[in-house]
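Residue numbers (this note's numbering), protein chains in the order written: chain A, 1 to 200; chain B, 1001 to 1200.
Every residue, glycine too, gets a C-beta built ideally from N, C-alpha and C.
Note that the coordinates shown come from a computational prediction; the quantities given were computed from them, not determined experimentally.
Number of protein chains: 2
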Amino acid sequence: MNSPLEFYFDFSSPYGYLASEKIDAIAEKHGRKVRWRPILLGVVFKETGAVPLTKAPLKGEYSLHDFARSARYMGVPYQHPENFPIATQHAARAYYGLLDQQHAMARAFAHAAYRAFFVEGRDISSLDVVLDLAAAQGADRNALAEALGGQALKDRLKAECEAAMAKGVFGSPYIIADGEPFFGADRLPQLERWLETGGF
Amino acid sequence: MNSPLEFYFDFSSPYGYLASEKIDAIAEKHGRKVRWRPILLGVVFKETGAVPLTKAPLKGEYSLHDFARSARYMGVPYQHPENFPIATQHAARAYYGLLDQQHAMARAFAHAAYRAFFVEGRDISSLDVVLDLAAAQGADRNALAEALGGQALKDRLKAECEAAMAKGVFGSPYIIADGEPFFGADRLPQLERWLETGGF
C-alpha cells in the first residue's frame, strides 16, 4: 500500500517536534507521503483527563531531562522553551489556512514554527510571531491575519481535533500507517519496521 | 565506572517484563551487574496520582495493542493476562525474602514470576502460585510462607518503595545507570548508548 502516513501533533509537544524532524524522511524512504495534522492537546486532554507531562509529579522532572536527552539521541537540536507548555491554536489554525492554499508552504510553516519554538526560543503562542513565520514562507500576512480572526479556521481546527480523537488520538506525536497507530517519537523504530515489512 | 544498574519494576508491568528479558544481557555486555528492585506501582501512583495505563481513556486501548506489538518488536513472547493489572505484593516480598538468602535464586524467581504471568497465564497475585514458583527455584516453601506472613518482609517492601520514590522512580520499568534515569522499555536503546559512550 502507498497510502499517506497520518501525523498528529501539537505545536507545543517536544516529542512531536522530535518526530517532525524525522517523519518525512522515514516516509519518503518507503515511498509514502505524510499528512501533517496539528491538533490541540488541551482539547484532547479535556476529554481524556490527562495532564501535560511536565505537570505530573516526579514524571515532570524526568520528562524535562528526557526531552533534551532524546533530542541528542536522535541528533535533533533542542532548547527547552522558557515558557512551556503554550497555547498553539494560532499556529495550528495558520497551518490549516495555509494548507488550503499551498501544501508545501504549510509544511514549511509547520517546520519553521516547531524550530522557532524548540530551537530559537520564540513564543509561537503569539499571533504576531505566527504571522511573521507564515510571511517568511511567502504567505500573505494580511490575508492570513484576517482568516485567523474568522470563524472558518476555528471550526476547521475544532473539526480536526474531533476527527483525530475519533481515530483514537490521545497524545502527540501520534502516527497512523495503514490503520496501525504509533504513539510517541520513541515508536519511530517500530513504524520503520512496520513500513519495511508490511506489519509484524 | 562499573557500578550496578538499578532496575525498578512492578511484577504486573508489561513494559517491566519486556525490559526484564533484556536488561541482564545489556548490562553484561558492558561489564555491569543489575540490582533488580521490585516495587508496587499502586503505592507509587498513590503519591503521584497516576492511573494504570490500561485505565486511561483512549490510551488504554492503544496500550493493550502496544504491549503485544512491542513484545514482537523486541522478540519476547507475550500473552496479555486475562486478569490485569494485579496485586503483586506477594511476588515482590517473596523476591526480597529470597534475595536475602541467595541472590541467584531471587533472580531466577523474578524471571519465573514474570514469565508465569505474561507468558503462561498464571495468576501471580495468588500466594500459592508465588510459593510454587519459589519452590520450583529451590526455595523452602514452608519457610517462605512463614516469612510472607510476617512483618519484616512487609516493612522491607514498603522501605524499598519509599527508597525508589526518593530516587525519582514514578513508573515501571525505571532504570538508573550511574545516576542517569531511563524510564520505559523503549529507553533501552538510549541506555545502551549511554553505557557504550559514558553519556551523550
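Which residues DSSP lists as bridging residue i, in chain order
i        : result
F1009(B) : P1038(B)
Y1174(B) : Y1008(B), F1183(B)
Residue i - DSSP class collapsed to helix/strand/coil
i        : result
R1017(B) : One point to set straight first is that residue 1017(B) is Tyr, not Arg, in the sequence displayed. Y1017(B) falls in the helix class under three-state DSSP.
F1067(B) : helix
H90(A)   : helix
P1052(B) : coil
L58(A)   : coil
G149(A)  : helix
Q79(A)   : coil
K1022(B) : coil
Q190(A)  : helix
D1128(B) : helix
D1100(B) : coil
K1033(B) : coil
D1155(B) : helix
F200(A)  : coil
F84(A)   : coil
K1167(B) : coil
N1002(B) : coil
A1143(B) : helix
V119(A)  : coil
Nearest-angstrom Cα separation, counted from residue j out to residue i
i        : j        : result
K1055(B) : R1156(B) : 29 angstroms
S1020(B) : P4(A)    : 36 angstroms
W36(A)   : A1177(B) : 37 angstroms
E1192(B) : I1026(B) : 7 angstroms
R1122(B) : A1050(B) : 26 angstroms
Y62(A)   : V130(A)  : 30 angstroms
P81(A)   : A143(A)  : 29 angstroms
L148(A)  : H65(A)   : 35 angstroms
F1182(B) : R107(A)  : 33 angstroms
H111(A)  : A104(A)  : 11 angstroms
L1098(B) : D1024(B) : 19 angstroms
P1077(B) : R141(A)  : 56 angstroms
Q101(A)  : L153(A)  : 13 angstroms
K22(A)   : R32(A)   : 13 angstroms
R93(A)   : L41(A)   : 14 angstroms
A1163(B) : P1052(B) : 21 angstroms
M1074(B) : E196(A)  : 16 angstroms
I1039(B) : V43(A)   : 34 angstroms
P1007(B) : A71(A)   : Rather than Pro, the amino acid found at residue 1007(B) in this sequence is Phe. Roughly 24 angstroms separates the two Cα atoms.
Q1079(B) : Y1114(B) : 11 angstroms
R69(A)   : D1132(B) : 43 angstroms
A166(A)  : H1090(B) : 40 angstroms
F117(A)  : D128(A)  : 14 angstroms
K1158(B) : G1150(B) : 13 angstroms
A134(A)  : Y96(A)   : 12 angstroms
W194(A)  : F200(A)  : 6 angstroms
H1030(B) : G1060(B) : 35 angstroms
E160(A)  : G179(A)  : 17 angstroms
L119(A)  : Q1190(B) : Reading the sequence as shown, one finds Val at residue 119(A) and not Leu. Distance between the alpha carbons of V119(A) and Q1190(B) is about 22 angstroms.
G1198(B) : N2(A)    : 41 angstroms
Same chain only: Cβ atoms within 6 angstroms of residue i, ignoring 5 sequence neighbours per side
i        : result
P1223(B) : Because chain B spans 1001 through 1200 in this model, residue 1223(B) falls outside it and cannot be assessed.
S12(A)   : P85, I86, T88
V169(A)  : Y8
P57(A)   : none
Other residues of its chain near residue i: CB distance less than 8 angstroms, five sequence neighbours each side excluded
i        : result
R1187(B) : I1175
N83(A)   : D123, S125
F45(A)   : V51, P52
A145(A)  : L127, L131
F1109(B) : A1094, Y1095, L1098, L1133, A1134, Q1137, A1139
7 angstroms Cβ shell around residue i - same chain, five flanking residues per side excluded
i       : result
G138(A) : M105
G16(A)  : F9, D10, S172, P173
L18(A)  : S70, A71, M74, V76, A185
V34(A)  : P4, L5, F7, I23, D24, A27
E47(A)  : M165
_Residues in the segment 1034-1056 of chain B having any Cβ partner in chain A nearer than 9 angstroms_ = From the segment 1034-1056 of chain B, only V1044, E1047, T1048, G1049, A1050, V1051, A1056 have a Cβ closer than 9 angstroms to chain A.
_Short of 9 angstroms Cβ to Cβ, which residues in the segment 1008-1035 of chain B face chain A?_
Result list empty, no residue passes.
*If you measure beta-carbon to beta-carbon, which residues of the segment 1172-1196 of chain B are closer than 7 angstroms to chain A?*
Listed by position, the residues of the segment 1172-1196 of chain B near chain A (Cβ gap below 7 angstroms) are P1181, F1183, D1186, Q1190, R1193.
*Taking Cβ-Cβ distances below 9 angstroms as the criterion, which residues of the segment 1108-1125 of chain B are in contact with chain A?*
Hits within the stretch: zero.
*Taking Cβ-Cβ distances below 8 angstroms as the criterion, which residues of the segment 1057-1085 of chain B are in contact with chain A?*
Within the segment 1057-1085 of chain B, the qualifying residues are P1057, L1058, K1059, E1061, Y1062, H1065, D1066, R1069, S1070, R1072, Y1073.
*With 9 angstroms as the C-beta to C-beta threshold (strictly closer), list the residues of the segment 143-172 of chain A near chain B in chain order.*
Along the segment 143-172 of chain A, going in chain order, the ones with a CB nearer than 9 angstroms to a CB of chain B are M165, G168, V169, F170, G171.
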